[in-house]
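Visitor:
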Amino acid sequence: MTLAGPDGEHDTGTASKTLSHLVANARTRDGLTIADALELIGRSGFGFVMLLLALPALIPIPGPFGMIFGSALAIVSLQFAIGLESLWLPSLLANRRISAKAFEALERYASPLVRRIEQFVRPGRMKAFAGPRMPYLLALPVFCLAVAVALPIPFGNLAPVAALCAIAIGLIERDGLVVLLGLSMTAIALGITGALLYMAAGAIPLI
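Heads up: the sequence shown at position 191 corresponds to 191 in the working numbering, and the numbers run straight through without jumps.
#1: Alpha carbon to alpha carbon, how far is residue 148 from residue 28?
#2: Around the Cβ of residue 199, are there at least 16 other Cβ atoms within 10 angstroms (buried) or fewer (exposed)?
#3: Based on the DSSP secondary-structure assignment, which residues constitute the bridge partners of residue 33?
#4: So the candidates are 89, 163 and 97; which of them puts its Cα closest to the Cα of residue 193?
#5: Quick one: grab the DSSP three-state call for residue 84.
#6: Starting from the Cα of residue 57, find the closest Cα among 50, 45 and 70 and give me that residue.
#7: Please name the residue, chosen from 110, 112, 138 and 32, that lies closest to residue 96 on a Cα-to-Cα basis.
#8: Closest to residue 26 by CA distance: which of 152, 104 and 83 is it?
#9: Within the same chain, show all residues whose beta-carbon is closer than 6 Å to that of residue 159, passing over the 5 residues directly before and after it, in chain order.
#10: Mind checking residue 11: buried by the 16 CB within 10 Å criterion, or exposed?
#11: So residue 150 and residue 74 are in contact, right, with Cβ under 8 Å, and what is the actual spacing, rounded?
#12: Nearest by alpha-carbon distance to residue 39: which of 87, 78 and 79 is it?
#13: Under the rule that 16 or more other beta-carbon atoms within 10 Å means buried, what is residue 201, buried or exposed?
#14: Return helix, strand or coil for residue 199, following the three-state DSSP convention.
#15: Beta-carbon separation of residue 46 and residue 140 under 7 Å?
#16: Helix, strand or coil for residue 67? Go by DSSP, reduced to three states.
#17: Going by other Cβ atoms of all chains shown within 10 Å of its Cβ, with 16 needed for buried, is residue 116 buried or exposed?
#18: Take residue 209 as the anchor and find which of 156, 138 and 15 has the nearest alpha-carbon.
In structure tokens form, the structure reads like this:
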């Protein structure tokens, strides 16, 4: 299916308000598909799409949320990199239904992280690093973070999702300093993921 393409971030509303809006709709409609959720945020830019696809990996309930949403974000980031006018997801991902209970868990576990980052936001600060060209430049690090989120590593999602949230909120609020903070966190997150993979590989002969 085809989704609305990038045309800049929303001018009104914060990331936390958008998250609450999605949860309210999920309750009303007894859950949402990934496509439904993306359509609800409208013709938003990379920041909102990134936030929507990254946060569910934090939900600590049974289900391959990291793999599903990490894969979706990896696909979307590649499309931003080549400048596609519209976003496409395979039907297997686009039609994946997420229950209202899962959205409520998302709000419960993700909102504190989102609000904590928003406390540091100053809209328009260093806006050259949060301008309309940045999604294309950020596509590669976001792709790497998305792959890290998709990997089935216990607790391995936390650092990559935190980095993705910082980048996303920086873009949404046009705060270049927060985007740069997210990029710094990206290096740390990928280092942690690499270390976890190394330890996991070393443990295999012992099993």
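Every residue, glycine too, gets a C-beta built ideally from N, C-alpha and C.
Guide: By the coordinates alone:
#1: Rounded to whole angstroms, residue 148 and residue 28 show a C-alpha spacing of 33 Å.
#2: Exposed, by the Cβ-count rule.
#3: Beta-bridge pairing links residue 33 to 97.
#4: If we check each option's Cα against that of residue 193, 163 comes out closest.
#5: The answer is coil: DSSP assigns residue 84 none of H, G, I, E or B.
#6: In terms of Cα proximity to residue 57, the closest of 50, 45 and 70 is 70.
#7: Considering only alpha carbons, the answer is 32.
#8: The shortest C-alpha to C-alpha distance from residue 26 to any of 152, 104 and 83 is the one to 104.
#9: Here residue 159 has 189 and 192 as same chain residues with Cβ atoms under 6 Å from its own Cβ, once five neighbours each way along the sequence are excluded.
#10: Reliability fails at residue 11, whose pLDDT of 43 lies under 50, so the model's placement of it is uncertain and the value that follows must be treated cautiously. In summary, residue 11 is exposed, with fewer than 16 beta-carbon neighbours lying within 10 Å of its beta-carbon over all protein chains present.
#11: Right, the Cβ-Cβ distance comes to about 7 Å (below 8 Å), so this counts as a contact.
#12: Ranking the options by Cα distance to residue 39, first place goes to 87.
#13: With fewer than 16 Cβ atoms within 10 Å of its Cβ, residue 201 is classed as exposed.
#14: Of the three classes helix, strand and coil, the one that applies to residue 199 here is helix, per DSSP.
#15: Not a contact, by the Cβ cut-off of 7 Å.
#16: Three-state result, residue 67: helix.
#17: Answer is exposed; the Cβ neighbour count stays below 16.
#18: For the chain, the structure presents residues 1 to 207; residue 209 sits outside this window and is missing.
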